[in-house]
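One structure below.
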Amino acid sequence: MVVRTFKWLFSVSLYLLAFILVLPFIPMALDFEPRVKTSQCAGGGECTRVGVVVRATSSSKLRVLKFDPKTRKTTVLMKGLHLPNGVQITHDKKGLLVCEFSMQRILRYHLKGPKQGQTERGGYWVAFAVGFSPNDTHLGALVMQYPFLRKATVRFLYLAGTALKAVTGVYPMAALKDWAAQLENAWVLYETLPQYGLIVELDASGKIIRSLHSPEHKIHLLSEVLEHDGYLYLGSYRNPFLGRVKL
């Protein structure tokens with residue numbers, strides 16, 4: 001499988017030396033089950049970096065898709081999700097873990113067994129976008145609690161950014177263009193969130209084994225963690241770098 005950034009998902013035929021279009025949009029995350037050659041895609045619709053905040057705060061129409069490259073059939077497994085930005089097939093291949101960013105939770109979808117097709121809403125965590133206690137009070141947490149307030153805030157910022165963007169057509173100042181982008185894409189909301197990095201390691205039953213913290217703002221807004229050769233590699237929507245932690 002090959003992803004063209006912010007465009008499409010392709011499969012590559014090494015025999016024909018050709019690209020085959022799989023999905024006309026970019027899923028937010030992928031996982032593969034080699035034995036049956038199917039892929040699980042998290043997120044429906046176009047995924048772009050500038051739209052992350054808008055989707056996180058206002059959209060609840062995203063899906064998890066199952067694609068079979070052999071039959072080229074796509075099946076909707078889950079829908080009505082708030083920014084599902086990570087998927088992982090369980091070790092026993094019987095379930096699918098889906099990280100629902102905006103709701104701050106991980107869901108378990110049963111692929112096999114007596115609960116096949118059902119979704120469990122539990123407490124699995126891999127990487128935290130933000131780390132804060134229930135007693136913390138900040139604008140970001142307040143906005144996320146109320147759907148109407150989330151949408152109203154994002155729409156207000158979008159309209160303000162669009163208006164400022166129109167002004168830059170007459171007065172093309174770099175500072176105005178920067179502020180227009182900050183408002184239109186709701187990037188200013190990043191600054192209202194605690195810049196606290198947090199990773200939690202769980203066992204198969206969801207029990208916390210250990211946690212790693214970055215309270216000094218060195219890395220935060222984490223979106224994904226990959227363990228490889230004794231290191232953890234940390235991805236983020238905001239940081240312009242790939243983090244690495246030695247275990």
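Quick note, in full-length UniProt numbering, the sequence shown goes up one by one and the last residue is 247. Backbone N, C-alpha and C define an ideal beta-carbon position, used for all residues, glycine too.
Closest by CA to residue i, which one among the options?
i: Pro215; options: Leu232, Leu193, Ile209 and Glu227; result: Leu193
i: Ser236; options: Gly86, Asp68 and Met78; result: Gly86
i: Met78; options: Phe241, Asn239 and Arg63; result: Arg63
i: Gln195; options: Leu149, His220 and Tyr233; result: His220
i: Val76; options: Ala127, Tyr109 and Lys93; result: Tyr109
i: Pro84; options: Thr74, Leu65 and Lys165; result: Leu65
i: Tyr158; options: Phe148, Ala166 and Ala186; result: Ala186
i: Val88; options: Tyr171, Tyr190 and Leu111; result: The question names Val, yet the displayed sequence has Gln at residue 88. Selected option, being the one with the closest Cα: Leu111.
i: Gly80; options: Gly243, Leu107, Gln145 and Pro240; result: Leu107
i: His217; options: Glu191, Gln182, His228 and Val200; result: Glu191
i: Gly117; options: Phe67, Arg72 and Lys94; result: Lys94
i: Asp92; options: Thr168, Val188 and Gly113; result: Gly113
i: Lys151; options: Leu189, Tyr171 and Ala127; result: Leu189
i: Gln145; options: Ala127, Val170 and His82; result: His82
i: Leu232; options: Arg238, Leu222 and Pro240; result: Leu222
i: Gly197; options: Phe128, Met173 and Leu164; result: Phe128
i: His228; options: Lys115, Leu212 and Val245; result: Val245
The alpha helix (DSSP H) that contains residue i, what's its start and end?
i: Tyr165; result: Per the sequence shown, the amino acid found at residue 165 is Lys instead of Tyr. Run containing Lys165: Pro147 to Thr168, per the alpha helix (DSSP H) assignment.
i: Asp178; result: Ala174 to Glu184
From which residue to which residue does the beta strand (DSSP E) around residue i run?
i: Leu226; result: Leu222 to His228
i: Thr212; result: Going by the sequence as given, residue 212 is Leu instead of Thr. That run of the beta strand (DSSP E) goes Ile208 to Ser214.
i: Tyr231; result: Tyr231 to Ser236
i: His110; result: Arg105 to His110
i: Arg63; result: Leu62 to Asp68
Tell me, which residues are paired with residue i by DSSP?
i: Pro84; result: Glu100
i: Ala127; result: Ile199
i: Ile89; result: Leu96
i: Gly243; result: Leu234
i: Leu193; result: For Leu193, which the question treats as bridged, DSSP gives no partner whatsoever.
i: Thr74; result: Phe67
State the CB to CB distance for the pair residue i and residue j, rounded to an integer number of angstroms; the pair is presumed to be in contact (CB under 8 angstroms).
i: Leu202; j: Gly230; result: Incorrect: roughly 19 angstroms between the Cβ atoms, too far for contact.
i: Leu183; j: Ala166; result: 12 angstroms between Cβ atoms; not a contact.
i: Val225; j: Ile199; result: 6 angstroms
Is any heavy atom in the ligand SAM found nearer than 7 angstroms to the beta carbon of residue i?
i: Gly161; result: The ligand SAM is absent from the structure shown, which contains no ligand whatsoever.
Quiz item: Counting Cβ pairs, one atom from each stretch, are 3 or more of them under 8 angstroms apart for the segment 195 to 212 and the segment 177 to 187?
Solution: The segment 177 to 187 and the segment 195 to 212 do not touch, with fewer than three beta-carbon pairs separated by less than 8 angstroms.
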